[in-house]
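Numbering (the UniProt record's numbering), first residue to last: 1 to 171. Cβ coordinates follow ideal geometry from the N, Cα and C atoms, glycine included. Because the structure is a prediction, the values reported are computed rather than measured.
Here you go:
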């Protein structure tokens, strides 16, 4: 059986690991929340802005359409304004790329979180098993001490009995 000092040292090590992993998990959770916040902001801002711009393009197109009347105007207006709508995150290559990068970061943070949670679970198991080993060792040592004292008491009683016999025989 390992010594009590070695077991306590091992327990300190695993408690330290648990604390370190809890800190790492807190940081990763903050990172995940921050990255999710960026993703949400990107999507909502881009979608809101593209919607605003597209509304203005439609208004302009409607005003031009109503305000000017001549033959061939529809073709010219369509040529000027068609395909000019602002795109949302999914429709714009650069925005889609940025969104994908952010999602990759979220996935990586999730992977690291899962790894850290697994490590934390193993460290907590080690803490529990080491605590149990300490309790077992303390119990074993108490039992050993109780037996030693019992044996010493028996020896004293035996010595006292022999001494009493020797005195009785010497009379």
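Compute the Euclidean distance between the alpha carbons of residue 110 and residue 7, then round it to the nearest angstrom. Using only the alpha carbons, I get a separation of about 34 Å.
Contact set for residue 105: own chain, Cβ-Cβ below 6 Å, skip 5 residues either direction: Within the same chain, residue 105 has close Cβ partners 35.
Can you grab the Cα-Cα spacing for the pair residue 33 / residue 107, in whole Å? Going from the Cα of residue 33 to the Cα of residue 107 covers about 12 Å.
Excluding five sequence neighbours on each side, which residues of the same chain lie with their C-beta closer than 6 Å to the C-beta of residue 133? So the qualifying residues of the chain are 7.
To the nearest angstrom, how far is it from the Cα of residue 118 to the Cα of residue 37? C-alpha separation (whole angstroms): 26 Å.
Near residue 166, what residues of its chain come up, given a Cβ to Cβ distance below 7 Å and the 5 sequence neighbours on each side ignored? Once the five neighbours on either side are set aside, residue 166 has no close Cβ partner at all.
Using the rule of at least 16 other Cβ atoms within 10 Å of the residue's Cβ for burial, across every protein chain shown, is residue 154 buried or exposed? For residue 154, the number of other beta carbons within 10 angstroms of its own is below 16, and it is reported as exposed.
With distances taken from CA atoms, which of 130, 22, 115, 137 is nearest residue 9? Here the closest residue by C-alpha is 130.
Alpha carbon to alpha carbon, how far is residue 99 from residue 13? Give it in angstroms, no decimals. Approximately 41 Å between the Cα atoms of the pair.
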